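Numbering (the working numbering), first residue to last: 655 to 894.
Put into structure tokens, the structure is as follows:
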């Protein structure tokens, strides 16, 4: 989409962004119509292009992700402005703040529990997280109070999810919300893949008196010279 096809007011508001990284992306798109991940890396030195695109989106500017042919004739991701009518300049100067009562709603639904590790925590240690990452879907303001859009995670689970998502091809190139909705990190109780890898995961925690059983299990795996996760799988397979 070229500059002369965009509303002048939209262009002016885009040009008002002063932060270096998003401004670099915005200025390039205004001039050339789109910017590729190759250009972000090679021309501007941004080794993590999706982060630069995220910075633009966090200013309320819609970006579409699509594919173009790169220098080596392989497909690479590129970014261009999305529908200007979806811009949120007056409402967004970063991620949309969570509603004050959202955490209470999530606790009422599932208890004060991390949705990944299934462990209960003091409310202050639980963090509100988008099921579909902000960097992929952005904030849908019409669903800001929809508790189904969010989940509660402990800090450890949130960091694990962030690392996995940031190394997923959907985050890096595709940016398709539907792919995320079928992922373990979005819906751990009902998923088709984990960061686009065909695998399944089960997190088990031993608490209180159960710890002695875990210690016996670990001791036995060492005696048999077996990796503990593999040993647990063998036990389960015999019982199912």
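Using N, Cα and C, we set each Cβ at its ideal position, and we do this for glycine too. Since we're looking at a predicted model, the values are computed, not measured.
For the beta strand (DSSP E) holding residue i, just list the boundary residues, first then last.
i, result
"residue 784", "780-784"
"residue 741", "From DSSP, residue 741 is part of no beta strand (DSSP E); its letter is neither H nor E."
"residue 894", "Unbroken run through residue 894: none, as it is neither H nor E."
"residue 720", "717-723"
According to DSSP, simplified to helix, strand and coil, what is residue i?
i, result
"residue 671", "coil"
"residue 748", "With a pLDDT of 45 at residue 748, under the threshold of 50, the modelled position of that residue is not reliable, and the figure given next carries that caveat. Three-state result, residue 748: coil."
"residue 709", "helix"
"residue 734", "strand"
"residue 728", "coil"
"residue 807", "strand"
"residue 774", "strand"
With residue i as the anchor, note down where its alpha helix (DSSP H) starts and where it stops.
i, result
"residue 691", "691-696"
"residue 763", "756-764"
"residue 789", "788-791"
Spatial neighbours of residue i within its chain, please: C-beta separation below 8 Å, excluding the five flanking residues on both sides.
i, result
"residue 830", "790, 824"
"residue 686", "none"
"residue 775", "766, 767, 768, 808"
What residues in its chain sit with their C-beta under 6 Å from that of residue i, if we drop five residues either side in the sequence?
i, result
"residue 709", "675, 676"
Evaluate the contact criterion for the region 716-736 versus the region 801-809: three or more CB pairs, one atom per stretch, below 8 Å. no
On the three-pair Cβ rule with 8 Å, is the region 844-859 touching the region 725-736? no
Would you list, in sequence order, the uninterrupted alpha helix (DSSP H) runs of no fewer than 4 residues that lie entirely inside the region 809-867? 809-820, 831-835
Counting Cβ pairs, one atom from each stretch, are 3 or more of them under 8 Å apart for the region 771-790 and the region 831-843? yes
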